[in-house]
Structure formats: structure tokens, C-alpha cells
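Read through the structure below, which is laid out as C-alpha cells, and then see the notes.
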Amino acid sequence: MKKNIIIIILLLCLIGTSGYIVYDNYLYADKKEDNEKNIDNNNQKDTKKNLNVNSIYIKELIDRYNYYFINDFDLEKTLYGKTNTTPDNFQEDFIKQTAVYASNEKYGYTTELLHEQIRKLYGPNITIKDSSFVMNCGTYEYDGINNMYTRKESEGCGGSSMSYLNRKIVEARKEDSKLLIDVAVARVDNENNVVLNTTGEAIDGITAETFNIDKDYDKINRYRYTFTYDEENYNYYLESITKI
Numbered sequence: 025m026k027k028n029i030i031i032i033i034l035l036l037c038l039i040g041t042s043g044y045i046v047y048d049n050y051l052y053a054d055k056k057e058d059n060e061k062n063i064d065n066n067n068q069k070d071t072k073k074n075l076n077v078n079s080i081y082i083k084e085l086i087d088r089y090n091y092y093f094i095n096d097f098d099l100e101k102t103l104y105g106k107t108n109t110t111p112d113n114f115q116e117d118f119i120k121q122t123a124v125y126a127s128n129e130k131y132g133y134t135t136e137l138l139h140e141q142i143r144k145l146y147g148p149n150i151t152i153k154d155s156s157f158v159m160n161c162g163t164y165e166y167d168g169i170n171n172m173y174t175r176k177e178s179e180g181c182g183g184s185s186m187s188y189l190n191r192k193i194v195e196a197r198k199e200d201s202k203l204l205i206d207v208a209v210a211r212v213d214n215e216n217n218v219v220l221n222t223t224g225e226a227i228d229g230i231t232a233e234t235f236n237i238d239k240d241y242d243k244i245n246r247y248r249y250t251f252t253y254d255e256e257n258y259n260y261y262l263e264s265i266t267k268i
């Protein structure tokens, strides 16, 4: 009789333990599913994020492509001359010039270093032919034997301009693997006391004397720089510049 009672008690314990294990596993699986859903939801929320337009990094990203010499008319045409511009539209000399402009070294480059700088600015799909190019008051002469670019200064250069590009970063945000940075752009012509949009037309109600881009940026053209993340090099490079 006692043996039967003991057996019954053991069976009840076994059933209770089995039930708890099943319930615990079910509860764990349910919690895991909920946690995964929460993680997915959090990731979705993090795909879009507004950024500080005054941050040093945002300003440096835009400044990488601001190379010009004496006047910035060619720069305006290169960056804002079309409704949609991609690095494929840039001249090779401009690509090389911006690579030098954005780097610390100014007087000599190996071809490998210059190509690394170009990838930093324009990504893995932009290729150039190695050849000499003019920059500022001089030339970077290409030496194909030693795979080097060497700076050679020129004699005399100069000039001035009464107009200049005035720009302001007005919005920046991250979306997935891209950075979107909106820039207001206008040309201030002091000689004629007018402010011009990127198509060369004077903007009504604004003069060069009264123009304040911090207050008037909503009256001028705006362009969106789109940068794509290079996972291999942990870097954002320019994908396009689009009028918006």
C-alpha cells in the first residue's frame, strides 16, 4: 500500500515537473519572439534620424567638394549646373583636385594614395586615368615609372571676383545607409548689387547689400547632397546632388 502511494506521489511530481518545463519553454519562446519584435521595431525607428546641421562632420562632408581657384563659377556649374548631378558627371581633373583639397598632403602623392582619397570622396565605382592635372598655381605631374604625382609650381597667377557662392546647410538626416544634407545656394553679386539663383536669374526683393542667408535661405534654391555608406571603409561618399 505504501509502495503504491509513493509511486503515485512520484508520478504526480513527474507530471508537475514536465508541465512546468513545457510552460517555461513556451513562455521563453513567447518572450523571445516579443523581444525580437521590439528589436525590429527599434531598428525601424532608428532608420530615420535628424542630425545637427552645425556639426563639424556634416560641414566637412559638404566642404570636401568645394574646391575652386580664384573664383567659384566653375564650382557652381559643376555642383549645381544640373537638376541631378552624380560624380560620373564630374571632370576627372575636378575629382583629382577635390581629392587633394580634402587631404592633408599637398605636395606629392603616390598613385595609391590619390586613388584612396578619390574612393573616400566618391566611392568604389569611380575610376580615373592617371595623368597630370592643374591645381591652383601649379601642376601635379604624373610619373608613370615611379607611380607618383609631384607638385610643380607655376610663375604668377591671380585674379579677383566681385561675386561669390553663398551657401547654408539647412537640414541633415540619416535614412538607412544614407545621409541626406540639404543646402541652400545663391550667388551674391556685389558689383551689380543682386542675388542670383543657380540659373543666373536675379531673385526679386533681395539685394547683395540686404541679403542675409540665415534669414533668407527659404527664398533661394536648395540642393540635396546624398551620401552612401561604404561599409568596407567606414565612410560616407557622395552619391548625388539633386535640386529640390
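Number 268 marks the last residue of the sequence shown (the working numbering); no jumps.
Yeah, the Cβ is synthetic: ideal placement off N, Cα and C, and Gly gets one too.
Determine the contact status of residue i and residue j, defining contact as a CB-CB distance below 8 Å.
i	j	result
Cys161	Ser178	yes
Val209	Thr223	no
Tyr81	Thr122	no
Glu20	Asp206	The structure shown does not extend to residue 20, since the chain spans only 25 to 268, so no value can be given for it.
Phe118	Thr107	no
Phe251	Leu203	yes
Ser262	Tyr249	Reading off the sequence, residue 262 comes out as Leu, not Ser. Yes, the Cβ-Cβ distance between Leu262 and Tyr249 is below 8 Å.
Ser264	Thr71	no
Ile237	Lys83	no
Ile144	Asn259	Note that residue 144 is Lys in the sequence shown, not Ile. Result yes, Cβ atoms of Lys144 and Asn259 sit closer than 8 Å.
Asn74	Arg197	yes
DSSP three-state call for residue i: helix, strand or coil?
i	result
Ile237	helix
Glu60	At Glu60, the pLDDT of 43 sits below 50, so the modelled position is not reliable and the matter cannot be decided from this model.
Phe157	strand
Glu84	helix
Asn170	coil
Leu138	helix
Ser264	strand
Tyr92	coil
Thr250	strand
Val77	coil
Asn128	coil
Thr122	helix
Gly242	With the sequence shown as reference, residue 242 is identified as Asp, and Gly is not the correct amino acid for it. In this structure, Asp242 counts as helix in the three-state DSSP scheme.
Glu195	strand
Asp112	helix
Thr102	helix
Asp213	strand
Asn65	Confidence at Asn65 is low in this model, with a pLDDT of 44, below 50, so its placement is unreliable and the value that follows should be read with caution. Note: Asn65 maps to helix in three-state DSSP.
Asp117	helix
Tyr164	strand
Which residue from the options puts its Cα closest to that of residue i?
i	options	result
Tyr146	Gly168, Lys72, Leu85 and Val194	Leu85
Tyr247	Lys267, Lys72, Lys73 and Ser187	Lys267
Tyr241	Glu263, Arg191 and Tyr125	Arg191
Ser187	Ser201, Ser155, Ala226 and His139	Ala226
Ile142	Glu215, Tyr166, Leu99 and Pro111	Pro111
Lys153	Met159, His139 and Ile193	His139
Cys181	Asn95, Asn214 and Glu116	Asn95
Asp213	Leu75, Phe97, Asn78 and Phe93	Phe97
Glu100	Asn257, Glu215 and Asn245	Asn245
Glu116	Asp87, Thr151, Glu136 and Tyr104	Thr151
Asp87	Glu255, Ser127, Phe114 and Glu256	Ser127
Arg211	Leu137, Gly105, Gly168 and Glu136	Gly105
Ser201	Tyr166, Glu256, Lys243 and Asp167	Glu256
Gly137	Val124, Asn113 and Asn149	Per the sequence shown, residue 137 should be read as Leu rather than Gly. That would be Val124, whose Cα lies nearest to the Cα of Leu137.
### Query
Using 8 Å as the Cβ pair cut-off and three pairs as the minimum, do the segment 170-177 and the segment 125-134 touch?
yes
### Query
Is the segment 230-249 in contact with the segment 214-221, if contact means three or more CB pairs nearer than 8 Å?
yes
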